[in-house]
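K.L.:
Taking our numbering, the leading residue of the sequence shown gets 349, the next gets one more, and so forth. Quick reminder that beta carbons are idealized off the backbone N, C-alpha and C, glycines included.
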Amino acid sequence: MKKLLFPLVAALTLLACGCGGPGQAPKRKMMWLDCSANWVRFSYPDSIRHYAAKCREAGITTLVLDMKCPSGEVVYPSRVAPELRVWKGFERPGFDFVAAFVEAARDNGLEIYGSFNTFAEGHGAFRRGPIYDHPEWQAVNYVPGRGLLAQEQIEGKSILFTNPALPEVQEHEIAVLTEAAARYDLDGILLDRARYDNIQSDFSDFSRRAFEAYVGARVERFPEDIYAWEEDGAGGWTRREGPWFKKWIEWRASVIHGFFARTKEALAAVDPDLKFGAYTGAWYPSYYEVGVNWADPSFDASQEFDWATPEYGRYGYADLLDLYTNGNYYWPVTVEEYRRGNGAHRNETDSEVSRGDHLSVEGGCRFSRRLLAGRPFVGGLYVEDYRRDSVQFKRAVEMNLRESDGVMIFDIVHIINRDWWGALGRAIRAAETEKE
């Protein structure tokens, strides 16, 4: 890596902006830079420099730059993935977009991580992405009332997922990541959407054979012995779990864990100093639906959740990560606020509504702390959750900084559109003042 003066500059910036007390690591303030939402705005080097400086002035210490979009396209020249040059009719001028952001980050004393939409390889609305060139990569979903459907057969589906268990899919994703790590002077790489599509995925013949090899037995009725969809009499569907359901959940977590272990090793071979991280939803009690166990391996989920086997914990991947951030994407900031509401909440990846104190920013951070066995993590927020109330947004920023090891803002486009730079800066300064 070519980090010469940057470690000193970044250290000074983190210390100046950090909330850490004596002997504590400074808290990261991360700004996410979405691939498509900022397409036109970030198509000019002077605009990139402007917003990097705005982030620094607000107290941000770390930029997270989308480098692989949900369409499976990357925003730089690549030998292994198609390059995204035109989005919604606008062609980006011919300059090295990622290099421009790296330079702007360095000039402002900021860390910069590349984020990669990992197992997403196509955009259904625009019918673009590698998944259309490799239909064999497509996940097969078990859709209520319709049976087994490949991703592109699911009506209205925008982000198309691959089957993470396929060796050729994992090889492709690792090739994308290692190429980017070798090409750019990044501080680290964050995996986003490094998961299954949802609880309906993947029920391909390959997954059936792989699962049967994992358990050493034949599944006589597939998918019904995993689970079956049944009409609930009210126009909806309910899931009846079969005898292999828990082992299926365990196996899917083993697939994702194995991919993380292989990716970490591959990236370390390219650059031993590169940080390896992940971004997930914070709703652990239902996040098993996408095959992810982001807890520390010491956490025994089977003691608290009826969907987990005693072996599920061995596939917690927190110990593989250098940086972890999760989305506390909730309007209630405190547990008390959550309890004053009706309690029901349905997260992006959920098949049904859920309840619990973790469905607040405060509760989510505290629950994460326990699941991670004290490992550091950065609590994230979705700006649009607070679109009606900049004060609530400010409180959410402060709560993440108080209860986690930083804050991740998703996404800069909302800060820009709402002109909430002042609110963000005040929240960061308030948290720093409270910590002193």
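State yes or no: is the C-beta of V618 within less than 7 angstroms of the C-beta of T526?
P.N.:
Yes; because the gap between Cβ atoms is below 7 angstroms, this pair is in contact.
K.L.:
DSSP three-state label for T510, please.
P.N.:
It is a strand residue.
K.L.:
So what's A643 in DSSP terms, helix, strand or just coil?
P.N.:
Here A643 sits in coil by DSSP.
K.L.:
Of all the options K595, A513 and I760, which has the alpha carbon lying nearest to the alpha carbon of I396?
P.N.:
Out of K595, A513 and I760, I760 has the C-alpha closest to the C-alpha of I396.
K.L.:
Name the residue from G675, F445 and A649 whose alpha carbon lies nearest to the alpha carbon of K416.
P.N.:
Among G675, F445 and A649, the Cα nearest to that of K416 is on F445.
K.L.:
Suppose you measure from the CA of T682 to the CA of N676; what does that come to, to the nearest Å?
P.N.:
Answer to the nearest angstrom: the Cα atoms are 11 angstroms apart.
K.L.:
Should M747 and T673 be called a contact, given that it needs their Cβ atoms to be closer than 7 angstroms?
P.N.:
Cβ distance not < 7 angstroms, so M747 and T673 don't count as in contact.
K.L.:
Report back the beta-carbon spacing between R531 and Y424 to the nearest angstrom; my notes put them in contact at under 8 angstroms.
P.N.:
The pair is a contact, with the Cβ atoms about 7 angstroms apart (cut-off 8 angstroms).
K.L.:
Compute the Euclidean distance between the alpha carbons of E451 and V388, then round it to the nearest angstrom.
P.N.:
Taking the straight line from one Cα to the other gives about 19 angstroms.
K.L.:
Buried or exposed, going by whether 16 or more other CB atoms sit within 10 Å of the CB of H398?
P.N.:
By the 10 Å Cβ count, H398 comes out exposed.
K.L.:
Who are F758's beta bridge partners in DSSP?
P.N.:
Its beta-bridge partners are Y730.
K.L.:
Could you work out which residue in Q548, D533, S555 and P492 is closest to P515 when comparing CA atoms only?
P.N.:
The shortest Cα separation from P515 among Q548, D533, S555 and P492 belongs to S555.
K.L.:
Quick one: what's got a C-beta closer than 8 angstroms to G625's C-beta in the same chain, skipping five residues either side?
P.N.:
Only Y461, G536, I537, L538, L539, L669, D670, L671, Y672 and T673 meet the Cβ criterion.
K.L.:
I need the boundaries of the alpha helix (DSSP H) containing D553, first residue and last residue.
P.N.:
Element bounds for D553: D553 to V563.
K.L.:
First and last residue of the alpha helix (DSSP H) that includes D455?
P.N.:
Per DSSP, D455 belongs to the alpha helix (DSSP H) from F445 to D455.
K.L.:
Would you report the Cα separation of Y636 and A601, rounded to the nearest angstrom?
P.N.:
In a straight line, the C-alpha of Y636 is about 8 angstroms away from that of A601.
K.L.:
Within 10 angstroms of the Cβ of W768, are there 16 or more other Cβ atoms? Answer buried if so, exposed if not.
P.N.:
Looking at its Cβ environment, which holds 16 or more other Cβ atoms inside 10 Å, W768 is buried.
K.L.:
Which residues in the same chain have their Cβ closer than 6 angstroms to the Cβ of Y627, if we skip the five residues on either side of it in sequence?
P.N.:
Result list for Y627: L538, D540 and T673, in chain order.
K.L.:
DSSP state of Q499, grouped into three classes?
P.N.:
Reduced to three states, the DSSP call for Q499 is helix.
K.L.:
Ordered along the chain, which non-local residues of its own chain (more than five positions away) have a Cβ less than 8 angstroms from that of L622?
P.N.:
M349, A529, L534, D535, G536, I537, L615 and A616.
K.L.:
Does the pairing of the region 487 to 497 with the region 546 to 554 give three or more beta-carbon distances under 8 angstroms?
P.N.:
A contact exists between the region 487 to 497 and the region 546 to 554.
K.L.:
State the Cα-Cα distance for the pair L707 and S634, rounded to the nearest angstrom.
P.N.:
Going from the Cα of L707 to the Cα of S634 covers about 11 angstroms.
K.L.:
Mind checking T781: buried by the 16 CB within 10 Å criterion, or exposed?
P.N.:
Exposed, because fewer than 16 other Cβ atoms sit within 10 Å of the Cβ of T781.
K.L.:
Look at the Cβ atom of A666, then the Cβ atom of V709, and state whether they are nearer than 7 angstroms.
P.N.:
Going by C-beta atoms, A666 is not nearer than 7 angstroms to V709.
K.L.:
What ranges does the alpha helix (DSSP H) occupy inside the region 614 to 696, keeping only unbroken runs of at least 4 residues that lie completely in it?
P.N.:
Segments of the alpha helix (DSSP H) lying fully in the region 614 to 696: 632 to 635 and 683 to 688.
K.L.:
Any idea what DSSP makes of A542, helix, strand or coil?
P.N.:
Coil at A542, not helix or strand.
K.L.:
So what does DSSP say about W344, is it helix, strand or coil?
P.N.:
Nothing in the structure corresponds to residue 344, since the chain is present only between 349 and 784.
K.L.:
Based on Cα-Cα distance, which residue from V524, M379, G470 and G722 lies nearest to L458?
P.N.:
When each option's Cα is compared against that of L458, the closest is M379.
K.L.:
Out of curiosity, what's the CA-to-CA distance linking R717 and W642?
P.N.:
Rounded to the nearest angstrom, the two C-alpha atoms are 12 angstroms apart.
K.L.:
Buried or exposed, going by whether 16 or more other CB atoms sit within 10 Å of the CB of Q499?
P.N.:
Q499 is buried by the Cβ-count criterion.
K.L.:
Determine the burial state of G369: buried for a count of at least 16 other Cβ atoms within 10 Å of its Cβ, exposed for fewer.
P.N.:
In this predicted model, G369 has a pLDDT of only 43, less than 50, meaning its place in the structure is not dependable enough to derive any value.
K.L.:
What do you get for E568, buried or exposed, if any count of 16 or more other CB atoms within 10 angstroms of its CB means buried?
P.N.:
Exposed, by the Cβ-count rule.
K.L.:
Just curious, the beta strand (DSSP E) that D481 is in, first and last residue?
P.N.:
D481 -> not in any beta strand (DSSP E); alpha helix (DSSP H) instead, spanning P478 to D481.
K.L.:
Which residues does DSSP list as the beta-bridge partners of E431?
P.N.:
V422, per the DSSP bridge assignment.
K.L.:
Per the DSSP calculation, H471 is bridged to which residue(s)?
P.N.:
R476 and I507.
K.L.:
Are the CB atoms of G407 and K377 nearer to each other than 7 angstroms?
P.N.:
For G407 and K377, yes; Cβs fall inside 7 angstroms.
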